[in-house]
Amino acid sequence: MKTTALTAAALLLATATAKPLSGSQPEKRDADPSAVAILETIVPTSKSCSGGEFSDECATAAQAAPPLLASFHKYGLVTQSEQAALISYMAYETAGFKYVRNHFPAPGRPGQGTRSMMMPNFVQEFAATLQPAISNPDPAALLDDVIDAGADWEAASWYYTTKCTDEVKEGVKSGSKDGWKKYITDCVETTLDEGENSREAYWTRAAKALNLSGD
Ligand SMILES: *[C@@H]1O[C@H](CO)[C@@H](O)[C@H](O)[C@H]1NC(C)=O
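According to mature numbering (1 follows the signal peptide of the UniProt record, and there is no 0), the sequence shown holds residues -18 to -1, 1 to 197 in order.
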């Protein structure tokens, strides 16, 4: 298990100063340069947000790092293997942190989003756990409220913590590729893929950047 405190702490603690997420804007906090470099390695397109459709939703690695690390801190996800699984998952779901709302196929599913593109029913369940709790009968408005509260970056950590079985978590923590695959198929409940910009490509880069064996 990859729990070496020093390296995990180096990634985690530099910026995750246990500040509550709610209400704070990601851009207003300083990003730790080493965490940003690691994110840019995993998500090469996240160096810039210029151009592109929905560019107001896009976040660079520098913008992503502080709230991402704060979410890992909040949920106690201190192993590099868990961080690799979650970062690669979020990067895939958002095409490299470009979106926070579901847009495809157009016009997208109202209320589906966050930085892990959660379905509206999970967004609702997650929003109710926030401090202060957020509720809204309209799914699209609820998602907007969650994003405004700065909680979009912690949805993946919440989902992993509350929805994955202990067996899946043990597999993820082992850092093995099979453990990661089980997380995708058995907890996220979706399919694996290969090739450029695939789930596997993101995870393989994450495993390398976070010093997992990669197999
Ligand atoms: C990965 O290992 C290298 C070499 O030991 C080390 O310099 C680097 O800080 C480690 N990275 C992480 C994220 O732990």
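By construction, the Cβ of each residue, glycine as well, lies at the ideal position given by its N, Cα and C atoms.
Original post:
Span of the alpha helix (DSSP H) holding I20?
Top reply: Boundaries of the alpha helix (DSSP H) around I20: 15 to 24.
**OP:** Report, in whole angstroms, the separation of the C-beta atoms of Y184 and Y74, which I expect to be a contact under 8 Å.
**Re:** That belief holds up - the Cβ atoms of Y184 and Y74 are roughly 5 Å apart, short of 8 Å.
**OP:** Determine the direct distance from the alpha carbon of Y141 to that of Y163, and round the result to whole angstroms.
**Re:** The residue you asked about is not Tyr; residue 163 is Lys in the sequence shown. Between K163 and Y141, the C-alpha separation is close to 16 Å.
Subject >> Inter-residue spacing [alpha-carbon to alpha-carbon] between A109 and V128 >> reply: Cα to Cα, the separation comes out at about 7 Å.
**OP:** Give me whichever residues DSSP pairs with A95 in a beta bridge.
**Re:** Note on identity: in this sequence residue 95 is Gly, with Ala being the wrong assignment. Partner(s): R83, M100.
Original post:
With respect to 7 Å, is the separation between the Cβ of I20 and the closest non-hydrogen atom of ligand 1 below this value?
Top reply: Indeed, a heavy atom of ligand 1 lies less than 7 Å from the Cβ.
**OP:** Please report how far the alpha carbon of residue 221 lies from the alpha carbon of L192, in whole angstroms.
**Re:** Since the first residue shown for the chain is -18 and the last is 197, residue 221 is missing from the structure and cannot be characterised.
**OP:** Determine the burial state of L50: buried for a count of at least 16 other Cβ atoms within 10 Å of its Cβ, exposed for fewer.
**Re:** By the neighbour-count rule (16 or more Cβ atoms within 10 Å), L50 is buried.
Original post:
Taking only runs of the alpha helix (DSSP H) that begin and end inside the segment 134 to 191, which ones reach a length of at least 4 residues, in chain order?
Top reply: If you keep only unbroken alpha helix (DSSP H) runs of at least 4 residues inside the segment 134 to 191, you get 137 to 145, 148 to 156, 159 to 164, 181 to 191.
Original post:
Exposed or buried, which one is D152 when buried takes at least 16 other CB atoms within 10 Å?
Top reply: Per the sequence shown, the amino acid found at residue 152 is Glu instead of Asp. Burial check for E152: the Cβ neighbour count within 10 Å stays below 16, so the residue is exposed.
**OP:** Tell me whether N103 counts as near ligand 1, meaning its Cβ is closer than 7 Å to at least one heavy atom of that ligand.
**Re:** Remark: the shortest separation between the CB of N103 and any heavy atom of ligand 1 does not fall under 7 Å.
**OP:** Count the C-beta pairs between the segment 83 to 97 and the segment 115 to 130 that are closer than 8 Å, then say yes if the count reaches three, no if not.
**Re:** In short, these stretches touch, since the Cβ pair count reaches three.
Subject >> Distance, T42 Cα to I116 Cα >> reply: Looking at the two C-alpha atoms, the distance is approximately 26 Å.
**OP:** Would you mind working out which of A189, M72, I69, F79 sits nearest residue 236, comparing C-alpha positions?
**Re:** For the chain, the structure presents residues -18 to 197; residue 236 sits outside this window and is missing.
Subject >> Status (buried if at least 16 other CB within 10 Å, exposed otherwise) for L194 >> reply: Residue environment for L194: buried (at least 16 other C-beta atoms within 10 angstroms of its C-beta).
Original post:
Could you check where the alpha helix (DSSP H) with V128 kicks off and where it finishes?
Top reply: 121 to 130 is the extent of the alpha helix (DSSP H) around V128.
Subject >> Cα-Cα separation, G5 to Q113 >> reply: Low per-residue confidence applies at G5: pLDDT is 35, beneath 50, and the placement is therefore not dependable, though the value from the model is reported in the following sentence. Our two residues, G5 and Q113, have alpha carbons roughly 10 Å apart in a direct line.
**OP:** May I ask you to report which of helix, strand or coil DSSP gives D197?
**Re:** In the three-state reduction of the DSSP assignment, D197 falls in the coil class, being assigned neither a helical nor a strand state.
Subject >> Contacting residues, own chain, Cβ-Cβ under 7 Å from D175 (five flanking each side not counted) >> reply: The residues are R181, E182.
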